[in-house]
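First the structure, in the form of structure tokens, and then the observations on it.
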Amino acid sequence: MKVFAERLLELRKERKISQAKLATEIGVSFSVVCYWETDRAEPTAPNLVKLSDFFNVSVDYLLGKKDY
């Protein structure tokens, strides 16, 4: 899910927040966010929804199904 990793990193940098801050905001560990951004792990469906809500984008966007 390389597209997910790239989009997550892009969204986080646009918001100018750290991996640790994002982790705290959505209720996961810092290492989980790091693994997602380096494409070493995939988020669960509930975590995809949390990320979608946090960044105000669709799950489809995060997964690379849509470009907006």
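If you read the sequence shown in our numbering, its first letter stands for residue 161, the second for the next number, and so on.
By construction, the Cβ of each residue, glycine as well, lies at the ideal position given by its N, Cα and C atoms.
Residue range of the unbroken alpha helix (DSSP H) whose run includes residue i
{"i": "residue 176", "result": "Counting along the chain, residue 176 falls outside any alpha helix (DSSP H), and DSSP gives it neither H nor E."}
{"i": "residue 213", "result": "205-215"}
{"i": "residue 191", "result": "190-197"}
Residue i in three-state terms, based on DSSP
{"i": "residue 227", "result": "coil"}
{"i": "residue 185", "result": "helix"}
{"i": "residue 201", "result": "coil"}
Local Cβ density within 10 Å of residue i, reported as buried at 16 or more and exposed below that
{"i": "residue 167", "result": "buried"}
{"i": "residue 202", "result": "exposed"}
{"i": "residue 193", "result": "buried"}
Close-in-space but distant-in-sequence residues of the same chain around residue i (CB under 7 Å, 5 per side omitted)
{"i": "residue 183", "result": "189, 190, 192, 193"}
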